[in-house]
Each structure stands twice: as C-alpha cells, then as structure tokens.
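> Which chain is which? The protein sequence lines are A and B, in order.
Following this note's numbering, the numbering of the first sequence begins with 36 at its first residue and continues without gaps.
Following this note's numbering, the numbering of the second sequence begins with 2 at its first residue and continues without gaps.
I'd like to ask some things about the structure below.
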Amino acid sequence: MVRVAHLTKQVTTGDSKLTILRDVSFTIAAGEAVAVIGASGSGKSTLLGLLAGLDTPTAGTVAVDGEDLFALDEDGRAALRGRLLGFVFQSFNLLPAMTALENVMLPLELAGIPDAAAVARESLTRVGLAARLTHYPKQLSGGEQQRVAIARAFVTRPSLLLADEPTGNLDAATGAEIIQLMFDLNREYGATLILVTHDAELSQRCGRVLHLAGGMLQP
Amino acid sequence: MSLGGEIALALRLLARDWRAGELTLVAIAVVVAVASVTTVGFFADRVNQALSRQANQLLGADLVVSADRPLDAQFAAEAERRGLRVTRMLRFPSMAAANEQNVLAEIKVVSAGYPQRGELRIADTLYGPDRRAAAIPAAGTVWVDDKLYTRLQLQPGDAVEVGQSRFPVGAIITQEPDSAVGFINAGPRVMLNEADLAATGLVQVGSRIRYRVQVAGAAGAVDAYRDWVAARLTPGQRVESIQDARPEIRSALQRAEQFLSLAALLSVVLAAVAIALAARRFLQRHLDACAMMRCHGASQGKVVRLYVLQFIALGCLASLAGCAAGLLAQHVLALWLGSLVTVELPGAGPRPAVHGFVTGLALLLGFALPPLLALGRVSTLRVLRRDIGAPGGMGLLGYALGATVIGALVIWKAGDLRLGSLVFGGFALAMLVAGVTAWGVIVAVSRLRSVGVSWRFGIANLRRRRFASVLQVVALGIGVMALLTLTIIRGELLQLWKASLPPDAPNRFIVNIQQEQIPALNRFFAEQRITMPEVYPMVRARLTRINERPVASADYADDRARRLVDREFNLSWATRLQRDNLLVAGRWWESSRSAATSFRWRTASHVRSTSSWAMC
Ligand SMILES: Nc1ncnc2c1ncn2[C@@H]1O[C@H](COP(=O)(O)OP(=O)(O)O)[C@@H](O)[C@H]1O
Ligand SMILES: [Mg+2]
C-alpha cells in the first residue's frame, strides 16, 4: 500500500540547513496498522505530510497504492488524496463556520457525491453523534470534535488513514475512547492505518511500530 | 464535478459562511456602496425624465425648426429621410368672428400627426369632460379654446369665421402642448387643419406668420438631425430642442447630481476600504478551510473557483439588495428635495439599477479577487503545521486591481477624465501620505527601546503586524478625508447655489392685477403676515416713433429688429431705480422734470437708438 524509499527532507532556516528526515525507507502492506513513534521534533509529522503528498521531499520517493506521489503534480496529488486518503489530526481541524454534519459532508460534496447529507448523517451516527448534527465545533467537547473528525475521515471510505497524534489534545480517558473508535472503524472498513503518536502503550495496539529518532528510522 | 455542481456547492458554502457571519461586513459594504450610487442615480433619472417630458410637452416635439418665412422643403425631407416623424405647423394672429363679434386670436394651422409629444385634449362642451384628441380637426372644421368660445358667445353648432371662410366648431381645446409659455401671450386660439389654410386667404405678403417644422424620433437620430439643421440655418430661422428647455433647472440638477454623485462615490471609496479589509480577514479565516479542501482532494483551481463563485453570488445578492435600498432611499430624497423640484416625478428607469449593480460587483471583485486567488496557493501542509501563514507575494500589488476599479468608477461617475483623475489622484495621494506617515511612526516607535514591558510588547505586536497596522491607518485616513471633502464640497456648492440667485429673488409672480384688486391683495398679505410686495404697473405698447420719426419694420434689415418693432412691449414705470437693475448707459432721472424711458439693453441694441422714444 505504501512504499517509501530513501526519503530525505531538508529545510533551510536562515543560513543553516536542517535535515528533518534522513534516508527513510519502509513498506506497509494493505490492511496493516502501523504506529510511528518518536520524541517531539523527531520528524513524525513531517513524514506523515510527505506520505500524504502535502509536502515535497528533498530526495527519495513515496508510492501510495502503486502511484509515485512526486511524479504527480500538486493537483494530481490532491486528486489521489481525495480518492484514497483519510486524515485525523491532533487539533481536529474542523471548520468553525460549519456544523458537525456539514464538516462531514464537505469531502463528499467536493467529490460530487449525491446524497452527501444522508451519508454524512450515517457516519456521524456511527461515531455516536447522531444528536449533535447541527452543533458547531465550538459547541462540542474535544472528544466530540475528534469523533466528528473521525466520521469525516471515514465517510469517503479511504483505503489509507493517516492520523497525527489524534489523542494529543485529549485527556487519557477520552483519548482511549477515540483510539478504540478508530481501531473499530479501521477493522470495519479494512483500511490501512498509519498512526503517529508518542504514546508507547498506544503503539502496542498496532501490528508494527516504526521508531523515528533524529529523523532516522531506528531498527 | 460539473460547473453546475460547483455553483451549487459554492452557494452552499456561501450560505454557511453567511450564517457564520463571515460575510456580513463585506455584504454591508457592498449594499451601502450600491445603495448610495443608485439613490442618486434613481433620483437624478427621475428628475431628468420629468424635465425632458416637460420640455417635450412645451415643444410638442423633440425638435422644432421655426422661421418667419416658409421653411425650405429640404428640412422636412431630410428629417423624413432620417426616419424621423415630421409635422408642419404655422401660427399667426388674425381676427376670428362669430355672432357679429370679433376677437384677435392666434390661428394655429396643424398637419396630421400633431402633436408628436405632449397631449392635446378636447371637450365637446364648454367646461365639459375632456379627452385626449385622437387626431387634428377634420378638414372644414376648427377647434377653439374656451377663451374664444366665451368671447364670441358661441353655442354648440356655431361656426367661426376665419379670413374668408366659415368653419363649424368641432371641439373645445382644454389642453395643448407648445402653447406660448408667457402668460400674457396666451390669447384665444383657433386650431385649423392645414388643408383649410388656403381657403382662408390669410397667407399673403406681410402676414405675420411663424412657420414650424416639428420633428420627433429616436434621440440619436434627432441629435444628428439637429447638427445637420444647425449648419444650414439662415437668419430668421431657429432650431429648438429639449436641451434648450429649462436651462436653469437643468443646471441646478446637474450641480445637485454632481454633488450627490460625488457623495455617493465617497461612500463607494469607503466601502472599498471596508471590502479590502474584510477580504483580508476572510482570507485569514479561510486558510484552514482551503487547506482542508485540498486535503480532501480539491485542486487549486477548484478551490479558487468555489470561492470566486461564492463571491460573485454574494456580490449579485448584495448589489440587488443595494438597488432595492437605493430605490427606497430615493423616495426619501425625492420627499426631501421635493420643494426644489415642483414637477411631477415619473417612475425611475432601470439604468441606475444596472449602474449600481455593475458598481457593486466590480467593487467586490476588484478588492476580493486578489485575496481569493491567493487562497488557491495556501500550503496544504497547514493542516499539520498551523504556523504556516497566508501565501505572500501579493502585497500592495494585490490592491492594484482594486485601485484600478476605483479609478475607473471615479472617472465614469465624474463623466470627465480630468475631474475624475483629480479626485482619484487626490485620494491616492492622501492614501500615500497616510501610509508613509503610519509606516514612519511605527518604525520610529519600534526604535524606542528603553520603555516598560507592556509598551515593548505592544510595539513588538505593532511591528509584527506592520502591514495590517499601516492598512488600518490608511483606511481611517481615507474615511476622515472622505467626510471632510464632503463637508467642504457641500458648503461650497450651497454657497455657489445661493450666489447664483439674489437672496430676495421672488419665488412667485402675480400678474394681471387690476387697480381695484390691490386692497384685497394687501389684506391677503397682511393675513399671511408677509410684507406686501411692491406692485408694478404694466401696460402694453408698441414702438411708433423714434425722435419724431415714425418707425416701421420695413426700415430695418435685421430680422430681430423687425420683430421687435412689430411686437408689443410690456412697459412699467418707477421713480426710483431698482436695486437689482443695472444702468448700462445714460443716467437715472433726478426729478419728474421730464418724461424719460429706459430699455432693456438688448432691445435697444437691436433697434439702435439712444434718445427718447415715443410710445402709444
Ligand atoms: N518547514 C520547516 N521549517 C523549519 N523547521 C521545520 C520545518 N518543518 C519541520 N521543522 C522542524 O523539524 C523538526 C521536526 O518536526 P515535526 O516533523 O513536526 O516533528 P514531530 O512531529 O515529530 O514533533 C522540528 O524541530 C520542526 O521545528
Ligand atoms: Mg508532530
């Protein structure tokens, strides 16, 4: 599902060059659940951004579902994201001007899927928020917001779900619920999951763990 | 996704942003700008229409060529060749007789199709109900007005003698266009079909006949014809069209319209500033939405299209609302200024609404388009790293489009490149000065190091948001400048207006007061607590001799002089020179030592006389 080869990312800040990722290579099979762990600043988010084609690497390649991401242009990568990928973020990234339902509808609407409202309602019901459809993000708790985000991530039936510290802004109990929900849905839909976290315990639930330190993959 | 699908989605996004209050400021700015432009536009349009209608009514046509000799056939032929409608008319004074009585009447000979503008109304019985005349008097009959009807003591079925013929009276005229404007000339009238003119035997050498060719049609064709005629006029021929009518009201209206347009324009400039600021805010607040959309697979182009469509829809709706508000507001304006404009105002035409609509849309897109285009370039990485800000690179250049739009609007509204450029240049200069000053102050303030913590914090904040701060100062400066300009211009205009009329210029004239009516008039003014205005005597007279030499029109080569000699004058007399009368030659009499007269300068210069005139 995902094939990463010699991925390197350097950024220039002022007059110094900073290497965030150094020669990272790995392969993830379809249906796998993989945790990416590492200290803060070790390059986890940067790696995730590259896997999603949100950013471009300095060197190396990423292939998702057999397609070389960086052989595509910006719009080509966007189209691929729309087709294959789902996202869950640390800070939820819900749009404040839209209700829970509308936030979940947005990916469907952008894809031009008819009946977006019905599909989105179903997805929100699945995450236990059937009663909060018309609530705005700021009227929801952190846990509820992340549930909306999960509903939004799964509503397009992605084959690859990327999650960047989804429990980072939640208390332990809520975080555990969210993780449970994500794993449940992942099993239901048979998606591949790449979960970025610095929680060692959480990583144990995944089939495989990739350990990043100083931008390099630890054996 | 089809364009239709994108439009539908853009409308849904618009509804969501609207509900969340993201667009309220932008919408209000557009509504205000469009409303102020259309208010002025609608009002001016109504008054202009009213004036044109009135003027057409006065002329009975769009254009009239007149002469005191038969007009060359080429005038009518050319007008017909240009697709204009043509009618002929001639008028002259003559005696009308019936029941052994004679009355000096004005005979008006008309051709089929008269009147082309305005309304001719007739009644079957004296003071009976009237109706719009469907045609001109049938050949062999005449129509007369109520004055002639009563003076000749006519009865239904009576006939009137004009020249060598007798005509049964077909109807009584209650209203006709092109009646002489002066109240004194509105004598009894007889209207005759042109087929009957020869039978009267009144057209002879020496007859005082005014010939008119009346023309009506499309405005452009009439204007072109006017130019054609103007180049071919010989002495004694005249061309009149609606532009010549009511110049005093027209110039007042023009001034008012100029002032109001300028005021509207200033509100447009203010709205532009508001839109620019609001669009910046919109950009800042939609970075996440754009990044998310790109995450969900939307291409750059699609994101931009969705937002541009959203703003076009917003612009259309806000402009429509602005037009509606303008339509309401012009009613208020019409009530306010109603005392200035005594004519009945017709309904407003659609053109001001179109102008307002275009203004609103151009304004919104001019200022919102650059930030919206920038939205497409939002880094998708923003979903992971919140610190990635708005795409840069537009800067001041982003406002170039807006500035161009404003410049074009100003020049369009000023209707004059020089004036428009001046206004626009003034604003640009003011913006530059405000911007540079604000920038300088921020730089200078950030140099102050050794001050308290809160100060340092504030200054750091200011410096970080330098561009936004400068923008705010400029916006405030423009607002103040707009208000100041308006205040000054308003004062100047009113001053100008007042200066063009003496403060004690009369509003009304009362004429034809008989000697025995003066006490009653005095009582009326006393009751109304108005000081009795001076009453001036007036008699009509004809010029008979200059320096004991008899005067005859044949002695003068100049047509105007001839007409003046033939004409009756209105004479008045006084012992004191009026304050607003200017003595251009000679001197005022000191005592009643001898009789003397004064003349309107133009009259005297035509008849060329400098000494005493005799009148009878
Ligand atoms: N565009 C960039 N410019 C400068 N520094 C960056 C950029 N992207 C990431 N970094 C730095 O690279 C390091 C890794 O960042 P990140 O991938 O977010 O780490 P993690 O998610 O593991 O905490 C951090 O020190 C971060 O500040
Ligand atoms: Mg991170």
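Note that beta-carbon positions come from the ideal geometry of N, C-alpha and C, so glycine has one too.
Note down the Cα distance separating B:Phe184 from B:Gln176, rounded to an integer number of angstroms.
Summary for B:Phe184: the model assigns pLDDT 34, below 50, so the residue's position carries little reliability; its value from the coordinates is reported in the next sentence. For B:Phe184 and B:Gln176, the distance between alpha carbons rounds to 14 Å.
> Using a C-beta to C-beta distance shorter than 7 Å, which residues of chain B count as neighbours of A:Asn128?
Asp289, Met293, Val384, listed in chain order.
> Since B:Met621 sits in a beta bridge, which residues does DSSP pair it with?
Given that chain B is displayed from residue 2 to residue 617, the structure contains no residue 621 of chain B and the question cannot be resolved.
> Go ahead and label B:Leu578 buried or exposed: buried means 16 or more other beta carbons lie within 10 angstroms of its beta carbon, across all protein chains shown.
Under this definition B:Leu578 is an exposed residue.
> Can you name the residues of chain A whose CB is closer than 7 Å to the CB of B:Asp1?
Outside the shown range of chain B (2 to 617) lies residue 1 of chain B, about which nothing can therefore be said.
> Are three or more beta carbon pairs between the stretch 192 to 200 of chain A and the stretch 164 to 177 of chain A nearer than 8 Å?
Output reads no: the stretch 164 to 177 of chain A does not touch the stretch 192 to 200 of chain A.
> Is there a C-beta anywhere in chain C that falls below 8 Å from the one on A:Asp199?
In the structure shown, chain C does not exist; the protein chains are A and B.
> Kindly indicate which three-state DSSP category B:Leu572 falls into: helix, strand or coil?
Correct three-state label for B:Leu572: strand.
> Can the beta-carbon of B:Phe93 be found less than 8 Å from the beta-carbon of B:Ile210?
For B:Phe93 and B:Ile210, yes; Cβs fall inside 8 Å.
> Ends of the alpha helix (DSSP H) at A:Asn204?
No alpha helix (DSSP H) holds A:Asn204; DSSP gives it neither H nor E.
> Using DSSP bridges, identify the partner residues of A:Leu56.
Paired residues: A:Lys44.
> Can you check the stretch 349 to 389 of chain B for any alpha helix (DSSP H) of at least 4 residues that lies completely inside it and give the ranges in chain order?
Whole alpha helix (DSSP H) segments, 4+ residues: 352 to 376.
> Would you please state the rounded distance, in angstroms, between the beta carbons of A:Gly242 and A:Val69? I believe it to be under 8 Å.
The Cβ separation is near 7 Å, so the contact holds.
> Between the alpha carbons of B:Arg467 and B:Met432, how many angstroms are there, rounded?
Whole-angstrom Cα-Cα distance: 16 Å.
> Out of B:Pro347, B:Ile313, B:Val566, point me to the one whose CA is closest to B:Leu366's CA.
Of B:Pro347, B:Ile313, B:Val566, the residue nearest in Cα terms is B:Ile313.
> Closer than 8 Å by C-beta to A:Leu119: which residues in its own chain qualify, once you throw out the five before and the five after it? Chain order, please.
Result list for A:Leu119: Val99, Asp100, Pro193, Ser194, Leu195, in chain order.
> Ignoring anything shorter than 4 residues or poking outside the stretch 106 to 194 of chain A, list the alpha helix (DSSP H) runs there in chain order.
Entirely contained in the stretch 106 to 194 of chain A, the alpha helix (DSSP H) runs reaching 4 residues are, in chain order, 109 to 119, 135 to 145, 151 to 161, 177 to 189.
> Is there contact between the stretch 280 to 289 of chain B and the stretch 367 to 380 of chain B, where contact requires at least three CB pairs shorter than 8 Å?
Yes, since at least three Cβ pairs between the stretch 280 to 289 of chain B and the stretch 367 to 380 of chain B fall closer than 8 Å, the two stretches touch.
> Can you grab the Cα-Cα spacing for the pair B:Ala232 / B:Ala220, in whole Å?
In a straight line, the C-alpha of B:Ala232 is about 19 Å away from that of B:Ala220.
> Could you check whether the Cβ of A:Thr81 sits closer than 7 Å to any heavy atom belonging to ligand 1?
Flag set: Cβ of A:Thr81 near ligand 1.
> For the beta strand (DSSP E) containing B:Glu79, name the first residue and the last one.
First-last for B:Glu79: 74 to 82, but that is the alpha helix (DSSP H), not the beta strand (DSSP E).
> Could you list the residues in the stretch 142 to 172 of chain A with a C-beta less than 7 Å from some C-beta on chain B, going in chain order?
Flagged, chain order: Pro142, Glu144, Leu145, Ala146, Gly147.
> For the stretch 17 to 46 of chain B, list every residue whose C-beta sits within 8 Å of some C-beta in chain A, in sequence order.
Within the stretch 17 to 46 of chain B, the residues whose Cβ lies closer than 8 Å to some Cβ of chain A are Arg17, Asp18, Arg20, Ala21, Glu23, listed in chain order.
> List the residues of chain B that A:Arg38 touches, going by C-beta distances under 8 Å, in chain order.
Chain B residues near A:Arg38: none, gap ~21 Å exceeds 8 Å.
> Quick check: what's the CA-CA separation for B:Leu12 versus B:Ala335?
Approximately 37 Å, taken between the alpha carbons.
> May I ask you to check if the CB of A:Ser77 is nearer than 7 Å to at least one heavy atom of ligand 1?
Because some heavy atom of ligand 1 lies under 7 Å away, the Cβ of A:Ser77 counts as near it: yes.
> Can you list, in chain order, the residues of its chain with a C-beta nearer than 8 Å to that of B:Ala172? Leave out the 5 residues immediately preceding and following it.
So the qualifying residues of the chain are Ile123, Ala124, Asp125, Ala134, Pro138, Trp144.
> Checking the sheet assignment: what are the DSSP bridge partners for B:Trp19?
In DSSP, B:Trp19 forms no bridge with anything.
> Along the beta strand (DSSP E) that carries A:Leu228, what are the first and last residues, could you check?
Its beta strand (DSSP E) spans residues 227 to 231.
> So B:Leu310 and B:Val31 are in contact, right, with Cβ under 8 Å, and what is the actual spacing, rounded?
Their Cβ separation, rounded to whole angstroms, is 16 Å, which puts B:Leu310 and B:Val31 out of contact at 8 Å.
> Of all the CB atoms in chain B, is at least one closer than 8 Å to the CB of A:Gly78?
Cβ-Cβ to chain B under 8 Å: no for A:Gly78.
> Just checking A:Asp199 against ligand 2 - is the residue's beta carbon closer than 7 Å to any of the ligand's heavy atoms?
At least one heavy atom of ligand 2 is nearer than 7 Å to the Cβ of A:Asp199, so yes.
> Report the neighbours of B:Arg387 on chain A: residues whose CB is nearer than 8 Å to its CB, in chain order.
Residues of chain A passing the Cβ test: Ser126.
> Of all the options B:Pro169, B:Tyr115, B:Asp69, which has the alpha carbon lying nearest to the alpha carbon of B:Ala99?
It is B:Pro169 whose Cα lies nearest to the Cα of B:Ala99.
> Relative to the C-alpha of B:Gly22, which candidate in B:Pro353, B:His287, B:Ser95 has its C-alpha closest?
B:Gly22 has its Cα closest to that of B:His287, out of B:Pro353, B:His287, B:Ser95.
> Three or more C-beta pairs closer than 8 Å, one from the stretch 100 to 117 of chain A and one from the stretch 288 to 305 of chain B: is that the case here?
Output reads yes: the stretch 288 to 305 of chain B touches the stretch 100 to 117 of chain A.
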